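Protein chains in written order, with my numbering: chain A, 206 to 569; chain B, 206 to 569. All C-beta atoms in this analysis are idealised placements derived from N, C-alpha and C, irrespective of residue type, glycine included. These figures come from a predicted structure and were not determined experimentally. Structure, as structure tokens:
Protein chains: 2
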Amino acid sequence: MKVPVGFSLAGINCGIKRKGFDLGLICSCDFSDAVAFFTQNANPSYSVLVSKKNFSNPIKAVLVNSGNANCFSHKNGLQDTEEICSNLAKLLNVEEKNILIASTGIIGKRLPKEKIIKNLPKLIKNLGENIDDFVSSIMTTDTFKKIAYKKIKFKNGTVNILGFAKGAGMIFPNMATMLSFILTDIDIDTNILKEISKDIIDESFNSINVDACTSTNDTVFILKSNKIKIESDEVEIFKDNLKELCISLAKMIVKDAEGATKFIEIQIKGALTKKEAELAAKSISSSMLFKSAIYGENPNFGRIISALGQVNIPLEEEKIEIKCSSLKKKDIKLTIDLKRGNSSYRVYTCDLTPKYIKINADYS
Amino acid sequence: MKVPVGFSLAGINCGIKRKGFDLGLICSCDFSDAVAFFTQNANPSYSVLVSKKNFSNPIKAVLVNSGNANCFSHKNGLQDTEEICSNLAKLLNVEEKNILIASTGIIGKRLPKEKIIKNLPKLIKNLGENIDDFVSSIMTTDTFKKIAYKKIKFKNGTVNILGFAKGAGMIFPNMATMLSFILTDIDIDTNILKEISKDIIDESFNSINVDACTSTNDTVFILKSNKIKIESDEVEIFKDNLKELCISLAKMIVKDAEGATKFIEIQIKGALTKKEAELAAKSISSSMLFKSAIYGENPNFGRIISALGQVNIPLEEEKIEIKCSSLKKKDIKLTIDLKRGNSSYRVYTCDLTPKYIKINADYS
């Protein structure tokens, strides 16, 4: 595993959390191009607002903090965030518009901007091949580090893709409190990257559901440093690799979901439309009753019928087919053929457990 | 408390459940008129299908079973249900179209029609003022009997309203696994009763949310035996009493929700539209994160902001007002003023607890 050419990483503690790293930095040697995906929550964090404004510019650095969502916290929240970015920009000899920012943690508390600004020089000084420091700085209730790596040989050289993610609650399709940062040294047209990543994000980060709650902070950044130019007939190979990497990070988020004991892949088949297949997958994976049954290794599949009826999908009893691998295992595959048409959709989800409640009863 | 004039009740064990009553009967001396409300789930039970077909006719009896949802159970399910009703009709010297039926319990198992049919004569023989037997026969995971009673003096005599309900999981606005039977000896135009009960159901049984799951079996029947004629200027008094009775039954369902330790009344104010207020109330009351926080007596109100953003309600940080009574108490009142307009909505909900998961992990 290596950091793609053109990037350096750092992670430190700046005092947002009492212990553990809470401030991370991705820095481009020159400038990178970014493709970005944000939460669809109507009350996004200030970090999301600032990054939305900046991501189309050449990107010099991405600042990430954990322990504070920087959302709905203070009337000066937006100004604070811009001030942090502008301080980082000055230290890196660029403009505020070249900086991206992402945050994760509790909603409603003011981000301690002085602590962050004071520690920026130290953060910059620590920049290097610090994969471990960086991934540590983005974790909240995550119990393991979520890193994925791909090395692909093309005609003009080797391309690296290094991806990071954090979970682990408030995860619903269209992202939720998850952050992911994907770095690559490929040189590919930004519009092509945008186009291929849209589909990839839909099949990975937008196909996971922990608790049906959409966070205010979800962010995926894909940054490319444009070092290795590939041929147009090689785009598919890159796409396949990027997709595998994103799906593997997405699965890690679900596997590390708060309190989860089971990982469930739900494959909906035979839906009338793609939209119906998605609705079916999301209704089942959001059902507290279904998720509790899986926790109990209890094949109470009437709850699947009920969840499908709840989103207005009528079924024919003699037709629908439900296949399920052993509920005793940690990894479960559930295939539901609605026998209504030809569309399909897949979602990754987990069980609902007393530990999830315990974590979220105490978290603040 | 008394059974309204013109009705008799019974409850027995017929063998669907190993112990406890599981078969109940409401019988009209003559015929009653019914107003009915059913689940909006697209895969309703056979009992719902048969009652939907029959409820506009004069009603002789309502048969209720617990322990089996009579839903998605067998290709002959509808025929079985009609056979049960037709057997009951014969014993009561009426037609099948004069019978209503409701079921609650597990989805996907065939209703044991022989056990029911065999026990119908015994059930009829037991008919009387058996309030306790009847309410016992409709319970599943309910921990207490849900009965409400009103006695109202009108110019022409005293009107009785006696209401029963059962919960206690799969409860989402638009009803869920809840059944309610309301009997009254009032004589009032059926269309007027239909009109006033629509609003009442919306403000009571359609304003409760336990776990955001809509059941296949929800049913409310309001039956009137037409004994006491009221004057047109007395309709409002009857309406107020019926409303109080329905709200009190609805609250009982939430208070007895599976595993719940807290009862929460959420009042949304200042929404742009009634629809927005409803959406806000339902999103917050469905949030596993919010409900876990309440269980932990944890004022993590960022989760309210997040739940509102999830349903596309953008908020102004300086304006929104959240007021909450003590989280330490068993009854909690939460008022959220969105400061966007003048519409409001109220929902009754509860916390999410490890015990809810335990009950639903094991239930089958």
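Contact annotation for residue 247 of chain B against chain A: 513, 514, 515, 516, 517, 518, 519, 520 [CB-CB distance below 9 Å, chain order].
Closest by C-alpha distance to residue 484 of chain A, out of A:469, A:552, A:442, A:508, is A:552. Approximately 6 Å separates the beta-carbon atoms of residue 312 of chain B and residue 511 of chain A; this is inside 8 Å, confirming the contact. Counting every other CB atom within 10 Å of its CB across the protein chains shown gives residue 349 of chain A a total below 16, marking it as exposed. Contacts with chain B at 8 Å (Cβ-Cβ) include residue 500 of chain A.
Scanning chain B for C-beta atoms nearer than 7 Å to the C-beta of residue 558 of chain A yields 562, reported in chain order. Using a Cβ distance threshold of 8 Å, residue 360 of chain B and residue 441 of chain B do not count as a contacting pair.
In chain A, no part has a C-beta under 8 Å from the C-beta of residue 368 of chain B; the shortest such distance is about 25 Å. In the structure shown, the three-state DSSP call for residue 552 of chain B is strand.
Less than 8 Å separates the beta-carbon of residue 454 of chain B from that of residue 368 of chain B. Residues of the segment 442 to 458 of chain A with a Cβ closer than 9 Å to any Cβ of chain B: none. When the beta-carbon positions are compared, residue 521 of chain B and residue 542 of chain B stay at least 8 Å from each other. For residue 542 of chain A, DSSP records a beta bridge to A:474, A:526. For residue 282 of chain B and residue 247 of chain B, the gap between their C-alpha atoms comes out near 16 Å. Residue pairing by DSSP places residue 272 of chain B opposite B:310 in a beta bridge. Non-local C-beta neighbours of residue 495 of chain A in its own chain, meaning closer than 7 Å and more than five positions away in sequence, comprise 489, 508, 509, 512, ordered along the chain. Of the candidates B:516, B:550, B:210, B:217, B:217 places its Cα closest to the Cα of residue 337 of chain B. The C-beta distance from residue 252 of chain B to residue 215 of chain B rounds to 18 Å, too long to fall under 8 Å, and the pair is not in contact.
For residue 218 of chain A, no chain B residue has a Cβ inside 9 Å of its Cβ, as the nearest lies near 23 Å away. The closest CA to that of residue 220 of chain A, considering only A:339, A:445, A:318, is found on A:318. Residue 256 of chain A and residue 564 of chain A have their alpha carbons spaced roughly 30 Å apart. DSSP, reduced to helix, strand and coil, places residue 237 of chain A within a strand of the structure shown. Under a criterion of Cβ atoms nearer than 8 Å, the residues of chain A adjacent to residue 277 of chain B are, in order, 507, 510, 520, 522. For residue 285 of chain A, the enclosing alpha helix (DSSP H) begins and ends at 282 to 296. The Cβ of residue 311 of chain A sits closer than 8 Å to at least one Cβ of chain B.
Contact annotation, residue 211 of chain B with residue 238 of chain B: C-beta distance approximately 11 Å; criterion of less than 8 Å not satisfied.
Its chain contains 548, 550 as the residues whose beta carbon lies nearer than 7 Å to that of residue 479 of chain A, once the 5 sequence neighbours on both sides are disregarded; these appear in chain order. Residue 280 of chain B has a beta carbon lying within less than 8 Å of a beta carbon in chain A.
Taking a C-beta cut-off of 8 Å against chain A, the contacting residues of the segment 264 to 275 of chain B are 274, listed in chain order. Counting only runs of 4+ residues, no alpha helix (DSSP H) is found wholly inside the segment 206 to 235 of chain A.
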